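Read the structure below first, then the notes.
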Amino acid sequence: MDLNYTPEQEAFRQEVRQFLQDNLPDDIRERVQKRLRFTKDMIVRWQQILYKQGWGASTWPKEFGGTGWTEVEQLIFEEECALAGAPRQLDFGLRMVAPVIMKFGNQEQKDKHLPGILDGSVWWSQGYSEPGSGSDLASLRTTAERDGDYYIVNGQKTWTTLGQHGDWIFCLVRTNKDVKAQEGISFLLIDMKTPGIDVKPIIMLDGEHEINDVFFENVKVPVENLVGEEDKGWTYAKYLLGHERTGLANVGQWKAMMRRLKEIAREEQDDGHAIIENPRFRDRLAQLDAELRALELTVLRVLTNSSGPGPEASILKIRGTEIGQRLFELAMEATGQDALAHIPDALEPDYDGPMVGGMNAVPAAGDYFNMRKLSIFGGSNEIQRNIISKLVLGL
Ligand SMILES: Cc1cc2nc3c(=O)[nH]c(=O)nc-3n(C[C@H](O)[C@H](O)[C@H](O)COP(=O)(O)OP(=O)(O)OC[C@H]3O[C@@H](n4cnc5c(N)ncnc54)[C@H](O)[C@@H]3O)c2cc1C
Numbered sequence: 034m035d036l037n038y039t040p041e042q043e044a045f046r047q048e049v050r051q052f053l054q055d056n057l058p059d060d061i062r063e064r065v066q067k068r069l070r071f072t073k074d075m076i077v078r079w080q081q082i083l084y085k086q087g088w089g090a091s092t093w094p095k096e097f098g099g100t101g102w103t104e105v106e107q108l109i110f111e112e113e114c115a116l117a118g119a120p121r122q123l124d125f126g127l128r129m130v131a132p133v134i135m136k137f138g139n140q141e142q143k144d145k146h147l148p149g150i151l152d153g154s155v156w157w158s159q160g161y162s163e164p165g166s167g168s169d170l171a172s173l174r175t176t177a178e179r180d181g182d183y184y185i186v187n188g189q190k191t192w193t194t195l196g197q198h199g200d201w202i203f204c205l206v207r208t209n210k211d212v213k214a215q216e217g218i219s220f221l222l223i224d225m226k227t228p229g230i231d232v233k234p235i236i237m238l239d240g241e242h243e244i245n246d247v248f249f250e251n252v253k254v255p256v257e258n259l260v261g262e263e264d265k266g267w268t269y270a271k272y273l274l275g276h277e278r279t280g281l282a283n284v285g286q287w288k289a290m291m292r293r294l295k296e297i298a299r300e301e302q303d304d305g306h307a308i309i310e311n312p313r314f315r316d317r318l319a320q321l322d323a324e325l326r327a328l329e330l331t332v333l334r335v336l337t338n339s340s341g342p343g344p345e346a347s348i349l350k351i352r353g354t355e356i357g358q359r360l361f362e363l364a365m366e367a368t369g370q371d372a373l374a375h376i377p378d379a380l381e382p383d384y385d386g387p388m389v390g391g392m393n394a395v396p397a398a399g400d401y402f403n404m405r406k407l408s409i410f411g412g413s414n415e416i417q418r419n420i421i422s423k424l425v426l427g428l
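Numbering-wise (our numbering), the sequence shown opens with residue 34 and increments by one.
Set out below in structure tokens:
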């Protein structure tokens with residue numbers, strides 16, 4: 034097959050590039066490119082700019098307000114956004130709950146929830162994992178018991194990314210304890226302002242507040258918030274995970290990071306040399322660059338050949354996350370002692386300056402720690418290998 038982009042796709046790339054040049058606000062671009070902390074307001078602002086252009090949801094079909102772009106166009110869009118320094122759009126609404134609502138939700142749910150996801154005004158969180166139920170997700174114990182027109186939800190979700198900003202959360206809940214674990218799970222949409230929900234921060238290795246515990250105590254959820262059929266949530270949950278894992282290959286972001294890493298590696302250090310002059314470092318950089326290019330071609334191959342995310346999603350998730358982690362390992366090596374965020378104020382929530390005083394203002398150590406998460410979330414890489422051995426190798 035021909036893996037070159039067609040003239041139409043190249044023209045599309047130019048159109049996206051021009052739009053980004055004209056419309057991506059400088060303050061947002063600068064923070065993203067320097068990998069500084071940015072705020073919810075910045076992400077919402079960018080989503081609204083895309084929304085006004087009609088590009089709010091690059092992966093959605095036109096009938097729901099999406100672009101209707103082909104998968105290759107979506108990839109080009111994402112890559113150009115990353116290279117220009119646009120913030121990554123949030124997956125929880127756009128790529129996770131929205132496809133489930135489109136496929137399994139009723140008309141009322143589509144009308145109520147999709148517009149807020151599209152314009153960025155409503156933020157979603159993912160309530161799958163629980164203490165003791167991560168890889169073994171089907172063992173989850175948060176219950177939803179039917180009481181008239183409501184479900185009463187009790188239990189705990191954990192590792193909830195950006196749950197502190199979530200307006201709504203989509204949860205897997207147990208509605209039947211008398212059947213096989215997978216057959217008693219339902220998919221429930223819950224307004225996070227409902228009484229009985231308590232969000233508690235978990236501080237990560239990099240000192241950031243990115244994830245949370247979410248507790249549910251007698252939370253009353255209207256039955257109309259059930260997606261699809263009761264006890265069929267496992268099917269919807271798996272459909273969502275396929276979408277999540279394809280996105281985790283993250284080629285555009287890694288290409289932007291590779292470009293930044295090369296800039297850092299070429300900068301002269303105090304001893305008058307740049308780390309790119311070191312043949313061992315240069316070899317590893319070149320190897321990684323080649324692997325990233327191979328990943329890009331594999332993503333293109335999968336997108337143009339397949340009829341939707343299948344077990345290939347697991348392969349892309351593993352490769353994408355391994356390459357991402359190695360990029361940040363090299364960035365840490367290249368920045369040396371400047372990798373440390375040694376400005377104490379930088380750990381304060383309202384801190385607005387550079388994260389390191391050194392040459393690149395790249396908080397490489399923070400990123401290095403943060404990126405450990407890549408091989409854990411979205412289903413750990415060990416679990417992805419199990420899926421490949423079963424579904425691809427037939428073991
Ligand atoms: C930063 C971060 C953000 C996250 N955000 C969210 C979120 O927003 N919403 C959400 O629902 N979840 C979220 N998660 C949870 C994530 O999906 C789980 O952490 C993941 O599924 C692993 O589950 P666990 O942490 O319970 O580890 P465990 O399942 O206890 O696994 C521990 C180790 O054992 C290995 N292991 C387990 N079972 C097997 C097996 N059968 N074969 C081989 N190895 C195995 C795992 O690979 C892992 O290395 C997030 C996690 C992180 C780290």
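Just so it is clear, CB atoms sit at the ideal spot from N, CA and C, and this is done for glycine as well. The model shown is predicted, which means the values in this text are computed figures rather than measured ones.
Is DSSP giving residue i helix, strand or coil here?
{"i": "residue 38", "result": "coil"}
{"i": "residue 398", "result": "helix"}
{"i": "residue 288", "result": "helix"}
{"i": "residue 307", "result": "strand"}
{"i": "residue 265", "result": "strand"}
{"i": "residue 166", "result": "strand"}
{"i": "residue 176", "result": "strand"}
{"i": "residue 49", "result": "helix"}
{"i": "residue 390", "result": "At residue 390, the pLDDT of 39 sits below 50, so the modelled position is not reliable and the matter cannot be decided from this model."}
{"i": "residue 301", "result": "strand"}
{"i": "residue 259", "result": "strand"}
{"i": "residue 427", "result": "coil"}
{"i": "residue 282", "result": "coil"}
{"i": "residue 371", "result": "helix"}
{"i": "residue 383", "result": "coil"}
Looking at residue i: is its Cβ nearer than 8 Å to the Cβ of residue j?
{"i": "residue 364", "j": "residue 322", "result": "no"}
{"i": "residue 130", "j": "residue 184", "result": "no"}
{"i": "residue 45", "j": "residue 106", "result": "yes"}
{"i": "residue 14", "j": "residue 69", "result": "A question about residue 14 goes unanswered here, because the residues of the chain that appear run from 34 up to 428."}
{"i": "residue 160", "j": "residue 194", "result": "no"}
{"i": "residue 248", "j": "residue 189", "result": "yes"}
{"i": "residue 173", "j": "residue 218", "result": "yes"}
{"i": "residue 120", "j": "residue 150", "result": "no"}
{"i": "residue 221", "j": "residue 232", "result": "no"}
{"i": "residue 235", "j": "residue 287", "result": "no"}
{"i": "residue 348", "j": "residue 421", "result": "yes"}
{"i": "residue 5", "j": "residue 110", "result": "There is simply no residue 5 to check, as the chain begins at 34 and stops at 428 in what is shown."}
{"i": "residue 372", "j": "residue 398", "result": "yes"}
{"i": "residue 177", "j": "residue 227", "result": "no"}
{"i": "residue 187", "j": "residue 251", "result": "yes"}
{"i": "residue 336", "j": "residue 104", "result": "yes"}
{"i": "residue 414", "j": "residue 351", "result": "yes"}
{"i": "residue 201", "j": "residue 157", "result": "yes"}
{"i": "residue 297", "j": "residue 368", "result": "yes"}
{"i": "residue 191", "j": "residue 163", "result": "yes"}
{"i": "residue 289", "j": "residue 299", "result": "no"}
{"i": "residue 403", "j": "residue 241", "result": "yes"}
{"i": "residue 344", "j": "residue 425", "result": "yes"}
If you follow the alpha helix (DSSP H) that residue i is in, where does it begin and where does it stop?
{"i": "residue 328", "result": "312 to 338"}
{"i": "residue 65", "result": "59 to 66"}
{"i": "residue 72", "result": "Unbroken run through residue 72: none, as it is neither H nor E."}
{"i": "residue 409", "result": "Per DSSP, residue 409 belongs to no alpha helix (DSSP H) and is neither H nor E."}
{"i": "residue 353", "result": "345 to 368"}
Chain C beta carbons: is any one of them nearer than 8 Å to that of residue i?
{"i": "residue 316", "result": "No chain C is part of this structure, which consists of one protein chain only."}
Is residue i near ligand 3, judged by its Cβ being under 7 Å from some heavy atom?
{"i": "residue 189", "result": "Although ligand 3 was asked about, the structure shown includes only ligand 1 as ligands."}
Unbroken stretches of the alpha helix (DSSP H), 4 residues or longer, contained in the stretch 179 to 257: none
Unbroken stretches of the alpha helix (DSSP H), 4 residues or longer, contained in the stretch 78 to 163: 104 to 117, 131 to 137, 140 to 151
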